[in-house]
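Here is the structure we will look at.
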Ligand code: AMP
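Residue numbers (our numbering): 386 to 788.
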């Protein structure tokens, strides 16, 4: 059984084709710089190394068409007949108030998705275009939507509500939704297996630290709180996002600069803030920030310290609300690859039973592993995330449920 996973981002479309017998990725790639003068199509298969071509791609609909056409190519494609694909799984960033679990696409689902445009305007229209392109290119093949927000739907009301007048919740659906749910779910399942604890009994803190970062409290395998909120802007200090700030700062900025538009303000907080703003290193790429810090750059050191401190505060808060945990998981670009960040976030927590072993923490590896000291009460793990595989698994599950 083959499953195609399509991930329509703000200016790119990534795809992975899985053979679910072995849960093996057999072809993958992306179309990037969609809508710009020159776009690029990078593709690779399990046997053929990456091929990059330049092309002109106006929108996400065209990008998905290019990908599927290529997968079906007589000479170089990985699929002979569209019927080899059992289901297409679409990553959807925000399920809004309409979706709390993965769903099989039908006309009503498409209508509901359109109603969520305003909550994630940079992504949802592209997801919609991806669904329509798949319908055109793969007629009769079912599509499933897998939402980044779905895993967080188990939060209790006192964790997801904001203490603002109720009409903003009731009419405008303003509440904490949380993001990176597919990643948090994948590493939760992996961690439970590593700890030899049934998933529905495992208590964890999962730290997805990448360009965007979120930390989640998992009780008995379910989310009870998460650091991102109505949008991915909340929580930790991130690459270019400010994370938690006093909301009155925004009011103050608007009062002081009345000509600033909501788009400009959004841009300021999402694209011009965070590690990038504090370090002065464009994009806030953590590798560059760490290199600069180690070379003595004080602004880079401050940005690094702020990111780690904001993460540590969530770690300790969630440790408290969970009343003890079985493990801590680090995942995503920074979580998987930065021993310095992991060390700094866990520094001085030995009183809580959290101790990292330096020798286990330092080496590079693409494998899941324990990095806690032998006498650490809490197990600390690094688990490479695999959101695409999780989407493929969930798509098959939904397909089977609807048979
Ligand atoms: P992601 O959004 O999950 O792709 O993660 C991207 C972030 O991971 C960027 O800030 C990268 O600089 C960071 N990253 C990747 N590799 C490393 C590394 N070896 N050391 C530190 N940060 C890294």
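Glycine is no exception: its CB is placed at the ideal position from the N, C-alpha and C atoms.
Quiz prompt | 4 or more residues per run - each alpha helix (DSSP H) lying fully within the stretch 496-579 | solution = Those alpha helix (DSSP H) runs which fall completely within the stretch 496-579 and span 4+ residues are 509-522, 542-545, 552-555.
Quiz prompt | Proximity winner among 498, 398, 492, 606, relative to residue 482 (alpha-carbon distances) | solution = Comparing Cα-Cα distances from residue 482 to each of 498, 398, 492, 606, the minimum goes to 498.
Self-check item: Every unbroken beta strand (DSSP E) within the stretch 628-676, with a cutoff of 3 residues, ordered by chain
Solution: Qualifying beta strand (DSSP E) stretches: none in this window.
Quiz item: Nearest-angstrom Cα distance between residue 777 and residue 571?
Solution: Residue 777 and residue 571: Cα-Cα distance of roughly 11 Å.
Quiz item: Is residue 727 helix, strand or coil by DSSP?
Solution: Secondary structure at residue 727: helix, using DSSP grouped into helix, strand and coil.
Self-check item: Alpha-carbon spacing of residue 618 relative to residue 564, whole angstroms
Solution: Rounded to whole angstroms, residue 618 to residue 564 spans 10 Å at the Cα level.
Exercise. Starting from the N-terminal side, write out each stretch of the beta strand (DSSP E) that is 3 residues or longer and does not extend beyond the stretch 450-482.
Key: Scanning the stretch 450-482 from its first residue to its last, the whole beta strand (DSSP E) runs of 3-plus residues come out as 470-477.
Exercise. Taking 5 Å as the limit, tell me which residues put their C-beta closer than that to any heavy atom of ligand 1, in chain order.
Key: The set of residues whose C-beta lies within less than 5 Å of a heavy atom of ligand 1 reads, in chain order, 595, 596, 670, 671, 672, 717, 718, 719, 722, 723.
Quiz item: Which residue comes first and which comes last in the beta strand (DSSP E) that contains residue 695?
Solution: It is not in any beta strand (DSSP E) - residue 695 instead sits in the alpha helix (DSSP H) that spans 683-707.
Practice problem: Assign residue 783 to one of three DSSP states: helix, strand, or coil. | Solution: Three-state DSSP puts residue 783 in a helix.
Quiz item: Where does the unbroken alpha helix (DSSP H) through residue 414 begin, and where does it stop?
Solution: First-last for residue 414: 409-417, but that is the beta strand (DSSP E), not the alpha helix (DSSP H).
Quiz item: How about residue 602: is its C-beta nearer than 7 Å to some C-beta of chain D?
Solution: In the displayed structure, chain D is absent; only one protein chain is listed.
Quiz item: Can you check whether the CB of residue 478 is closer than 7 Å to the CB of residue 448?
Solution: In this structure, residue 478 does not lie closer than 7 Å to residue 448 by Cβ.
Quiz item: Where does residue 757 land, buried or exposed, given buried means 16+ other C-beta within 10 angstroms?
Solution: With 16 or more Cβ atoms within 10 Å of its Cβ, residue 757 is classed as buried.
Self-check item: Reduced DSSP secondary structure (H/G/I, E/B, other) of residue 446
Solution: Residue 446 falls in the helix class under three-state DSSP.
Quiz item: Helix, strand or coil for residue 619 per DSSP?
Solution: Coil.
Quiz item: Around the C-beta of residue 643, are 16 or more other C-beta atoms found within 10 angstroms, so that it is buried, or is it exposed?
Solution: Exposed, because fewer than 16 other Cβ atoms sit within 10 Å of the Cβ of residue 643.
Practice problem: Please state whether DSSP places residue 609 in a helix, a strand or coil. | Solution: DSSP places residue 609 in strand when its eight states are reduced to three.
Quiz item: Does DSSP classify residue 759 as helix, strand or coil?
Solution: In the structure shown, residue 759 falls within a coil segment according to DSSP collapsed to helix, strand and coil.
Quiz prompt | Enclosing alpha helix (DSSP H) for residue 745 [first to last residue] | solution = Residue 745: member of the alpha helix (DSSP H) spanning 743-746, first to last residue.
Quiz prompt | Residue nearest to residue 432 in terms of C-alpha spacing, selected from 413, 439, 442 | solution = Comparing alpha carbon positions, the residue from 413, 439, 442 closest to residue 432 is 413.
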